[in-house]
Amino acid sequence: MPLVQELLSPAQLLGYLALIFGVGCFLQTDDRRFKTFMALECLSYVLHFWLLGQPTAVASNLVSLGRSLAAMRSRSPWVALFFVGLSLGLGAWLASGWVSLLPIAASCIGTTALFLLKGLRMRLLMLLGTLLWVLNNLCVGSVGGSLLELVAAGVNGWTIWRMGRGSMLVKQ
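Here the numbering used here is used: the first residue of the sequence shown is 35, the next is one more, and so on.
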């Protein structure tokens, strides 16, 4: 397939849509809006990775979609444990090499961040998960996903800096 057709394939277009939602997500300083945009990003990613034939990434994003919605209503460690267990179980079932473990690790890290942390600490842990997604997406050829995670890492880093700077100004 020629490069232009590949870059504009339905799979890649869904990756670009995930990019838009992901950037919107990491621009948010309000935790609830952050989780809403994350849910939309996950839905786009589910379809993107399904078309790319990446079952662990699909499963990881389905879990992430559910956990983003659940995290809007609950901060229970038991709910977090359920989603971590679900990620690990699906990962054990679907994993087919070290690359397929990256989305599972990212999902577990994101679950921990969304349920057990908030504010700056939540975003710092999400940054670690984002870096795992960067590596996964580069390995599987996800153009939109790679762009998404690189931009998300930058935007999240900028938001972390803004939030950290704001909390430092309050303490002075």
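All C-beta atoms in this analysis are idealised placements derived from N, C-alpha and C, irrespective of residue type, glycine included.
Check: Using the beta-carbon count (16 or more within 10 Å), is residue 125 buried or exposed?; Outcome: buried
Check: On the DSSP letters alone, give me the boundaries of the alpha helix (DSSP H) that residue 65 sits inside.; Outcome: 65-86
Check: Alpha carbon to alpha carbon, how far is residue 198 from residue 143?; Outcome: 21 Å
Check: Check residue 100 in the structure and name its three-state DSSP category.; Outcome: helix
Check: Tell me which same chain residues have a C-beta within less than 7 Å of the C-beta of residue 73, skipping the five on either side of it?; Outcome: 99, 102, 103
Check: From residue 77 to residue 52, what distance separates their C-alpha atoms?; Outcome: 8 Å
Check: By a C-beta neighbour count over all protein chains shown, 10 Å radius and 16 as the cutoff for buried, is residue 38 buried or exposed?; Outcome: exposed
Check: Where are the alpha helix (DSSP H) runs, 4 residues long or more, that stay fully inside the stretch 104-143, in chain order?; Outcome: 111-128
Check: Between the alpha carbons of residue 69 and residue 156, how many angstroms are there, rounded?; Outcome: 11 Å
Check: Would you call the stretch 158-167 and the stretch 105-121 touching, i.e. three or more CB-CB distances under 8 Å?; Outcome: no
Check: Under 7 Å between the Cβ atoms of residue 174 and residue 88?; Outcome: yes
Check: Does the count of Cβ pairs from the stretch 184-192 and the stretch 49-66 closer than 8 Å reach three?; Outcome: yes
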